[in-house]
Structures are given as C-alpha cells and as structure tokens.
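Participant: Take this structure, written in structure tokens, and hold onto it; I'll ask about it next.
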Amino acid sequence: MKRVLYSGNRNASSWAFRAWLALKEQAIDFDEVMVDIRRPQRWDNLARIGEFSPPAAVPVLDDDGFIIFDSMAIMEYANEIGNGSLLPSDAKQRAKARSFAAWQHSTFGRVCSCLFFESAFYKEKRALTQDEIATLNKVYDIWQHTIASFSGDYLIGDFSLADIMLLPSVIRFNAHYPPDGRWPLVQKWFEQLQSRPFVVEWMDEAHSLEPIYLPGYHNDP
Ligand SMILES: N[C@@H](CCC(=O)N[C@@H](CS)C(=O)NCC(=O)O)C(=O)O
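Per the numbering used here, the very first residue in the sequence shown carries number 4; after that it's consecutive.
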C-alpha cells in the first residue's frame, strides 16, 4: 500500500498546501513528491503530471494506484478516510463550511488577486490601494460575523475544511493588511490557524525558500 501526494513548492502552491494539510490533520500516512512549479521548468514538470492526472496540475493523490486530483477532492477524501472531524456534524453548519470552501475554490481568488500566495513571502511588501483596503475590510466584516454566529475558535465552530481552504488567503491578506481591533474574532482566528503545528511546518519551509517574484504585483492594480 503506497500513498503519494504530488505537491508543489511551499511558497507557491497554495492548492497543494490545502491537500497536504488536510492529509496531515487527519494523520494519514503519505509520501510526498515535490513538483517544481516555478517557471520555466513548470511546464515540463506539469506535463509529466498530465501523463497520469487529467488536469496536469498539482495536487494529485496517488492512493495505491488510484488517482485523485484537485485539492477539494483530496481534502474531502482525507476527511472520509480519516476520522471525519474536518466537517461539522450538523447539516446546516456542514453546508456553511462547504459554502466557504466552495467560494474559495471557485471565485474567491479574485479578491485582491494581485496579492497572490507567492507575494506573502516577498521581503518588500507593497502598500495596498484604497480599493484593496475597502475590499479586505468587507471580507473581514464577513468573517467576523461568521465566526461570531458559530461561536467557536474557527470560522464555522471547530477546525474544518473551510479553514483549510481559506488558509492561503488568510496568509496572503495577513502579510499585507493584518486585521486590527475592529475584527477581534478574525484576529484570534488568524492566530489560531497560523499556529497549528502543521501550518507552522509548511510556512517555516516556505519562508526559507527564495521568493518567487511574479509580474503584476508592484504595478497593479
Ligand atoms: N482546482 C485545482 C487547481 C490546482 C492548481 O491550479 N494548481 C497549480 C499549482 S498550485 C497548478 O498546478 N497549475 C497548473 C496550471 O495552471 O497549468 C485544485 O484545486 O487542485
């Protein structure tokens, strides 16, 4: 029995981070193959992934020859073969956790899209525009309200797939515009999330790497 996660660079692959973290949090054994997704080797490396996984992207989980692709599917699978604790037992709460996870998986990347995951590791961060600040204020309001309505330490009560899905956004936003005292529950949530041991493990490695500079950060918007 061999389980292999094809993952990506710690300071670039936010989708691999999510799959990796869900597996780790569920104490599931796996080996990891790091796929270098930096340009220009990215294209050859991902083409090799495409030989066994249709989207030719990471993450991919090879579970004893059975291929599961896409971060969301791997996270759900980790929860199902683990102890199931990453989704709330209450149906409405579970639906809300899935709502936030699905939003991140579909269109939430458009929120301050120039603050990509890689930029969280840049030595010099740029100042945000007024539009970006207004957008993040709204996002922090939504998160504050959501945390308050479930009265737990995480977004939807206990630690869940919603937290894992949102974590890379938490990291990129926090690196540029940490929540202040207007959002005390968001501040606490950010601290709790970022101090989880496996998150610290990934982030320590990410910070030790040479930053990956991408166009569009300093010029935009
Ligand atoms: N929806 C996919 C997105 C995966 C994805 O975009 N992965 C990036 C690396 S973090 C990648 O491999 N991209 C390849 C490409 O865009 O061609 C998932 O959730 O796993």
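Where a beta carbon is used, it is the ideal one built from N, C-alpha and C, also for glycine.
(1) Taking Cβ positions, are residue 15 and residue 174 nearer each other than 8 Å?
(2) For residue 109, count neighbouring Cβ atoms within 10 angstroms of its own Cβ and tell me buried if that reaches 16, exposed if not.
(3) Would residue 1 pass as a contact of residue 139 if the rule is Cβ separation under 8 Å?
(4) Under 8 Å by Cβ, that's how I've got residue 150 and residue 158 pegged, so tell me the actual separation to the nearest angstrom.
(5) Can residue 295 be considered in contact with ligand 1, in the sense that its beta carbon sits closer than 7 Å to one or more heavy atoms?
(6) Considering Cα atoms alone, identify which of 49, 6, 10, 118 is closest to residue 218.
(7) Where do the ends of the alpha helix (DSSP H) carrying residue 6 lie?
(8) Buried or exposed: residue 101, going by 16 or more other Cβ atoms within 10 Å of its Cβ?
(9) The alpha helix (DSSP H) that contains residue 103, what's its start and end?
(10) Please identify the residue among 190, 7, 178, 220 whose C-alpha is closest to the C-alpha of residue 210.
(11) Between the region 86-94 and the region 32-50, can you find at least three pairs of beta-carbon atoms closer than 8 Å?
(12) Going by DSSP, name the residue or residues bridged to residue 160.
(13) Report whether the distance from the Cβ of residue 19 to the nearest heavy atom of ligand 1 is below 7 Å.
(14) Cutting at 8 Å between CB atoms, please list the residues of its own chain near residue 224, excluding the five before and the five after it.
(15) Could you pull out every residue in the same chain whose Cβ sits closer than 6 Å to the Cβ of residue 153, ignoring the five residues on either side in sequence?
(16) Verify the contact flag: residue 40, CB atom, against every heavy atom of ligand 1, threshold strictly below 7 Å.
(17) Could you check if residue 7 belongs to the surroundings of ligand 1, using beta carbon to heavy atom distance under 7 Å?
(18) Just to confirm before moving on: does the CB-CB distance between residue 89 and residue 25 stay below 8 Å?
(19) Using a Cβ-based criterion (distance less than 7 Å to any ligand heavy atom), does residue 37 qualify as near ligand 1?
(20) Around the Cβ of residue 98, are there at least 16 other Cβ atoms within 10 angstroms (buried) or fewer (exposed)?
(21) Answer with buried or exposed for residue 212, where buried requires no fewer than 16 other C-beta atoms within 10 angstroms of its C-beta.
Facilitator: The relevant details are as follows:
(1) No, the pair does not count as a contact, with Cβ atoms beyond the cut-off.
(2) Its Cβ having fewer than 16 others within 10 Å, residue 109 is exposed.
(3) Missing from the structure shown is residue 1; the chain here goes from 4 to 224 and no further.
(4) Taking the Cβ atoms as the reference, residue 150 lies roughly 6 Å from residue 158, within the contact range of under 8 Å.
(5) What the structure shows of the chain is the stretch from 4 to 224, and residue 295 is not part of that stretch, so it cannot be assessed.
(6) Closest by alpha carbon: 118.
(7) Not the alpha helix (DSSP H): residue 6 falls in the beta strand (DSSP E), residues 6-11.
(8) Within 10 angstroms of the beta-carbon of residue 101 lie 16 or more other beta-carbons, which makes it buried.
(9) Per DSSP, residue 103 belongs to the alpha helix (DSSP H) from 94-109.
(10) Considering only 190, 7, 178, 220, the residue with the shortest C-alpha distance to residue 210 is 178.
(11) The answer is no - the region 86-94 does not touch the region 32-50, with fewer than three Cβ pairs under 8 Å.
(12) Paired residue(s): 157.
(13) Checking every heavy atom of ligand 1 against the Cβ of residue 19, one is found closer than 7 Å.
(14) Low local confidence applies: a pLDDT of 48 at residue 224 is under 50, so the model's placement there is unreliable, with the coordinate-based value given in what follows. 117, 132, 134, 135.
(15) Around residue 153: 159, 160.
(16) The beta carbon of residue 40 sits closer than 7 Å to at least one heavy atom of ligand 1.
(17) Every heavy atom of ligand 1 is 7 Å or more from the Cβ of residue 7, so no.
(18) Cβ distance < 8 Å, so residue 89 and residue 25 count as in contact.
(19) No - ligand 1 has no heavy atom lying nearer than 7 Å to the Cβ of residue 37.
(20) Classified as exposed, residue 98 has fewer than 16 neighbouring CB atoms from the shown chains inside 10 Å of its CB.
(21) Flag for residue 212 reads exposed.
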